[in-house]
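Here the structure is laid out as structure tokens; the discussion comes afterwards.
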Amino acid sequence: MTDDSFSLYHLVNQDPRYPIEAYQFVREALAYAADTMELGSQEHFDPDYDIEAATHQARRERHLTGQQLCESIRRYALNQYGYMARVVLKNWNIDSTGCFGDIVYNMIDQGMMKKSSRDKRSHFDDVYSFDEVFGANFEICDSMVHRRS
7 MTDDSFSLYH LVNQDPRYPI EAYQFVREAL AYAADTMELG SQEHFDPDYD
57 IEAATHQARR ERHLTGQQLC ESIRRYALNQ YGYMARVVLK NWNIDSTGCF
107 GDIVYNMIDQ GMMKKSSRDK RSHFDDVYSF DEVFGANFEI CDSMVHRRS
């Protein structure tokens with residue numbers, strides 16, 4: 007078992023609200039933001055304000071706000087699960103963007119992600135309504151058609 011896997015299992019043991027899949031999904035959504043959405047692009051990079059996943063790939067650290075990460079998670083969920091995104095997230099006990107903040111800050115506390123003094127847990131609260139983005143206003147977009155290989 008890698009140190010990273012051990013850390014995730016330790017996290018789930020300490021805070022059993024969210025399964026390991028939820029933590030892995032948030033990390034994948036962060037990579038998705040860096041790879042496809044150009045969030046936190048170099049022209050906006052500020053080395054004193056970052057929130058990043060400890061990934062196995064060598065990537066430049068990029069700035070993402072809590073709101074940007076929530077948007078990346080939304081797009082990644084729709085890309086991966088389509089109409090079932092809300093069901094999958096609910097199965098992981100995720101029913102609001104605040105849950106993403108809980109997951110991120112658990113990983114920060116474990117040393118798996120970083121934050122600056124300007125980052126706040128509250129930046130994840132009420133970013134969007136799950137009813138709106140995964141329910142009645144669900145819309146298939148171009149980014150859902152192009153999956154990462």
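Counted the way our numbering counts, the sequence shown spans residues 7 to 155.
A virtual CB, placed ideally from N, CA and C, is assigned to each residue, including glycine.
Small disclaimer: the values here were computed from a predicted structure and weren't measured.
Is it the case that the Cβ atoms of residue i and residue j are separated by a distance below 9 Å?
{"i": "residue 36", "j": "residue 112", "result": "no"}
{"i": "residue 130", "j": "residue 110", "result": "yes"}
{"i": "residue 106", "j": "residue 72", "result": "yes"}
{"i": "residue 28", "j": "residue 82", "result": "no"}
{"i": "residue 108", "j": "residue 124", "result": "no"}
{"i": "residue 136", "j": "residue 95", "result": "yes"}
Grouping DSSP H, G and I as helix and E and B as strand, with all else coil, what is residue i?
{"i": "residue 118", "result": "coil"}
{"i": "residue 103", "result": "helix"}
{"i": "residue 24", "result": "coil"}
For the candidate residues the options, whose alpha-carbon lies nearest to that of residue i?
{"i": "residue 100", "options": "116, 117, 19 and 76", "result": "76"}
{"i": "residue 14", "options": "128, 86, 115 and 135", "result": "115"}
{"i": "residue 42", "options": "104, 79, 88 and 92", "result": "79"}
{"i": "residue 89", "options": "11, 19, 138 and 33", "result": "138"}
{"i": "residue 70", "options": "98, 19, 21 and 120", "result": "120"}
{"i": "residue 10", "options": "26, 22 and 98", "result": "26"}
So is residue i in contact with chain C if we call contact Cβ pairs under 9 Å?
{"i": "residue 117", "result": "The question asks about chain C, but that chain is absent: this structure has only one protein chain."}
Quick one: give me the first and last residue of the alpha helix (DSSP H) that residue i is part of.
{"i": "residue 92", "result": "91–97"}
{"i": "residue 87", "result": "72–87"}
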